[in-house]
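Numbering (full-length UniProt numbering), first residue to last: 1 to 304.
Think of the CB as a built atom: it goes at the ideal place given N, C-alpha and C, for glycine as much as any other residue.
Here the structure is a predicted model, which is why all the values come from computation and not from measurement.
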């Protein structure tokens, strides 16, 4: 497959994945009217794992054998933590804004590459970080009262989700050099299911039949989105694919307008453009990729 064809196919999978995630956001918004975040996150992971069960039965457990359990664990912990933040933001913010805060991930990726992969941050990447930081400030819209900086706690939780999602995406890129997409999604679902089961010991709720249907919709959309995203990242560098993720804001805004009559404010539009520009600059500079590519042929370093 040519690099151009791989790029276009990867972009198509990323767009499909973001549409699935926006659809998942709609289901989360509805089910969160009845259920708390802890149960929603657990149900998404448990049902997602059950959706993968036919594949496991068909191919056998040997297909899930891995030599990089540490990377899978890191991806799982980062991913489920980002999920808690993201689901909470969806339930308490306009859908487009929640999607955008999650999509700050490409802006954080060069920092992760610097701290974890020890990759040099070029002047262009520093510019991208500065532009992205301004965009984030506009979205957060902080105020000052009695000399203290005031920021919406919900928005900060959404921003933390973006940072954790960036860590998960860099880890997926490293995993995709040796692991097939379905195996990555399986381990993520398994690890996330175990982690998210813990809070249910004190936060269990019995869902209604309608809530169960919404939970199933969350799991189906999330699993399809994970598969599409993982496939897209395996076809082209995460830094180049990051820009296409901003279509999630478009999908989220469309859903928000059609279902809840939510509008896009000038602040949201300017912040979106700046964060998208930062993501494009990161892609142009190849942030978070070069050392990943060099390590693909080094099994020892891949074991983390």
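Go to residue i, then tell me how far its alpha helix (DSSP H) extends in each direction, as first and last residue.
i           : result
residue 29  : 3-31
residue 244 : First-last for residue 244: undefined, no H or E at that position.
residue 110 : 105-115
residue 34  : Neither: residue 34 is in no alpha helix (DSSP H) and is coded neither H nor E.
residue 69  : 69-92
Taking the beta carbon of residue i as the centre, do at least 16 other beta carbons fall within 10 Å, making it buried, or is it exposed?
i           : result
residue 146 : With a pLDDT of 43 at residue 146, under the threshold of 50, the modelled position of that residue is not reliable, and the figure given next carries that caveat. The residue in question, residue 146, is exposed, as its Cβ has fewer than 16 Cβ neighbours within 10 Å.
residue 172 : buried
residue 5   : exposed
residue 148 : Only weak support exists for where residue 148 lies, its pLDDT of 45 falling under 50; the coordinates are left without a value.
residue 272 : buried
residue 3   : exposed
residue 123 : exposed
residue 259 : exposed
residue 170 : buried
residue 198 : exposed
residue 281 : buried
residue 210 : exposed
residue 70  : exposed
residue 203 : exposed
residue 47  : buried
residue 65  : exposed
residue 94  : buried
residue 144 : Caution applies to residue 144, whose pLDDT of 45 falls short of 50 and renders its modelled position unreliable; the model cannot decide the point.
residue 288 : Annotation note: pLDDT 44 at residue 288 (below 50); position unreliable, no value reported.
residue 72  : buried
residue 18  : buried
residue 115 : exposed
residue 174 : buried
residue 235 : buried
residue 125 : buried
residue 303 : Per-residue confidence for residue 303 stands at a pLDDT of 35, beneath the threshold of 50, marking its modelled position as unreliable; the derived number appears in the next sentence. Classification of residue 303: exposed, given that the 10 Å Cβ count is below 16.
On the premise that residue j lies in contact with residue i, defined as a C-beta separation below 8 Å, what is that separation, rounded to the nearest angstrom?
i           : j           : result
residue 96  : residue 225 : With a Cβ gap of about 17 Å, residue 96 and residue 225 do not count as contacting.
residue 233 : residue 189 : No, residue 233 and residue 189 are not in contact; Cβ-Cβ is about 17 Å, not under 8 Å.
residue 184 : residue 230 : 5 Å
residue 128 : residue 107 : 7 Å
residue 13  : residue 228 : 5 Å
residue 55  : residue 223 : Going by Cβ atoms, the distance from residue 55 to residue 223 rounds to 11 Å, so no, they are not a contact pair.
residue 135 : residue 274 : 3 Å
residue 87  : residue 40  : 6 Å
residue 309 : residue 11  : Only positions 1 to 304 of the chain appear in this structure, which leaves residue 309 out of reach.
Please tell me whether residue i and residue j are closer than 8 Å, where the distance is taken between their beta carbons.
i           : j           : result
residue 159 : residue 101 : yes
residue 98  : residue 214 : no
residue 15  : residue 247 : yes
residue 109 : residue 166 : yes
residue 138 : residue 270 : yes
residue 192 : residue 45  : yes
residue 35  : residue 205 : yes
residue 89  : residue 252 : no
residue 75  : residue 219 : no
residue 24  : residue 254 : no
residue 305 : residue 104 : There is no way to answer for residue 305, as the model of the chain reaches only from 1 to 304.
residue 68  : residue 179 : yes
query: Which runs of the alpha helix (DSSP H), 4 residues or longer, sit entirely within the UniProt domain "EamA" (155-282)?
result: 181-197, 200-203, 209-235, 238-241 and 247-260
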